[in-house]
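Asker: Pasting a structure here, questions to come.
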Amino acid sequence: MRLATIWQDNVETAAVLVDDKLFPVSLINYQWGKNYPVNIFDIIASGQLEKMNHWYRREGRVQLQDLGTQAIPLVEARLGPLFRQPRKIWGIGLNYADHAADLAEKSPETEPASFMKPDTTIIGPGESIKIPLQSARTTAEGELGVVIGKICRNVEEYDAPEYIAGFTTIIDMTAEDILRKNPRYLTRSKSFDTFFSFGPVLVTPEEIGDLLSLKVSTVLNGQVHRQNVIANMTFPPYFLISFHSKVMTLLPGDIISTGTPGAALIKHGDVVECVIDGFEALVNPVEDCKWNV
């Protein structure tokens, strides 16, 4: 199943994506007497995602296809981030050796280089990434995101798949010039407003196939800037879930952004994309706040 957040009547609401059509969850509730929450965070946090996915796989997909005339075409929808207030956003630095070389850094070998971001960084598809006044060198990084589906504490790597709500596309930003002044400035360099775009679609695990074979790309102005496969991560997604669950309790809706194959230097007027095999692309334009001063 694929879930997206769309704007409908000036409210962000959950919808199921079937082929290229969106069906609001409120419509599903009305049509078939369901009582699913109408935003993605609450669907996950309430434990309803598994029930909803079971309905979708058993009969819902066919029923929605038959209801096609009431759908919203994907190309016409205004999309939002999957949700706006997760309890935690974990980012993973230098998780591909190639990206570490870009920064003249050595990729961590024994433990992941983790950092956290505030939810005020969140934007959705089509919203502008804003280069802050304080930065003259900001980069954008396409990444695979993992969304936690259940309370997760002290989980082993082989059990990690049971705790995943789904996967999504992410564009993470860094004020690289601030970071280069001092590595202790990492949190600040990652935390400006608009520095975390995610969506447009949450893809549940059974639709993924071979996770390690997925190709992740950072695309700048229509050209692939850097590309790699999940198998080349130093710390793959299931390990990251296990590792961080032994640091702190992971909660439904928490996000782990698993690292980028390469960061692209961005400027005013650019368009950045995260492209992952089998996912709808995440696309954001770039504005430089200094242009408005």
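Here the sequence shown is numbered in the working numbering, starting from -3 and rising by one per residue.
Built from N, CA and C at the ideal position, the CB exists for glycine as well.
Out of Tyr52, Leu13 and Glu8, which has the shortest C-alpha to C-alpha gap to tryptophan 28?
Answerer: Considering only alpha carbons, the answer is Tyr52.
Asker: Among the residues of its own chain, which have a CB less than 8 Å from the CB of glycine 64, if the five just before and after it don't count?
Answerer: So the qualifying residues of the chain are Lys17.
Asker: Please report the straight-line C-alpha distance between isoleucine 174 and threonine 254, rounded to a whole angstrom.
Answerer: In a straight line, the C-alpha of isoleucine 174 is about 22 Å away from that of threonine 254.
Asker: Compare the Cα-Cα distances from leucine 208 to each of Ala171, Val225, Gly218 and Gly195 and report the closest residue.
Answerer: Ranking the options by Cα distance to leucine 208, first place goes to Val225.
Asker: Hey, how far is the Cα of phenylalanine 191 from the Cα of aspartate 168?
Answerer: Those two C-alpha atoms are separated by around 6 Å.
Asker: Please state whether the Cβ-Cβ distance between glutamate 152 and alanine 259 is less than 7 Å.
Answerer: In this structure, alanine 259 does not lie closer than 7 Å to glutamate 152 by Cβ.
Asker: Any idea if valine 7 is buried or exposed, counting beta-carbon neighbours within 10 angstroms, 16 or more meaning buried?
Answerer: That one is exposed.
Asker: Looking at the structure shown, is phenylalanine 194 part of a helix, part of a strand, or coil, going by DSSP?
Answerer: Note: phenylalanine 194 maps to strand in three-state DSSP.
Asker: Decide if methionine 48 is buried, meaning its Cβ has at least 16 other Cβ atoms within 10 Å, or exposed.
Answerer: By the neighbour-count rule (16 or more Cβ atoms within 10 Å), methionine 48 is buried.
Asker: My guess is that isoleucine 147 and leucine 247 are in contact by the Cβ rule of under 8 Å, so how many angstroms apart are they, rounded?
Answerer: At roughly 6 Å, the Cβ-Cβ gap stays under 8 Å, so isoleucine 147 and leucine 247 are in contact.
Asker: Taking the alpha-carbon positions, what's the glutamate 172 to arginine 54 distance?
Answerer: In a straight line, the C-alpha of glutamate 172 is about 48 Å away from that of arginine 54.
Asker: Could you tell me the distance, in whole angstroms, from the CA atom of leucine 198 to the CA atom of leucine 278?
Answerer: Between leucine 198 and leucine 278, the C-alpha separation is close to 12 Å.
Asker: Below 8 Å, how does it come out for the stretch 176 to 193 and the stretch 219 to 234: are there three or more Cβ pairs, yes or no?
Answerer: No: fewer than three Cβ pairs fall under 8 Å.
Asker: Which residues in the same chain have their Cβ closer than 8 Å to the Cβ of glutamate 105, if we skip the five residues on either side of it in sequence?
Answerer: So the qualifying residues of the chain are Thr230.
Asker: Tell me the rounded alpha-carbon separation between phenylalanine 163 and glycine 87.
Answerer: About 14 Å.
Asker: Check this for me: beta carbons of glutamate 276 and serine 124, under 7 Å apart or not?
Answerer: No, Cβ-Cβ distance for glutamate 276 and serine 124 is not below 7 Å.
Asker: Straight-line CA distance for cysteine 270 to arginine 80?
Answerer: Going by the C-alpha atoms only, they are around 19 Å apart.
Asker: What would DSSP say about threonine 164, mapped onto helix, strand or coil?
Answerer: It is a strand residue.
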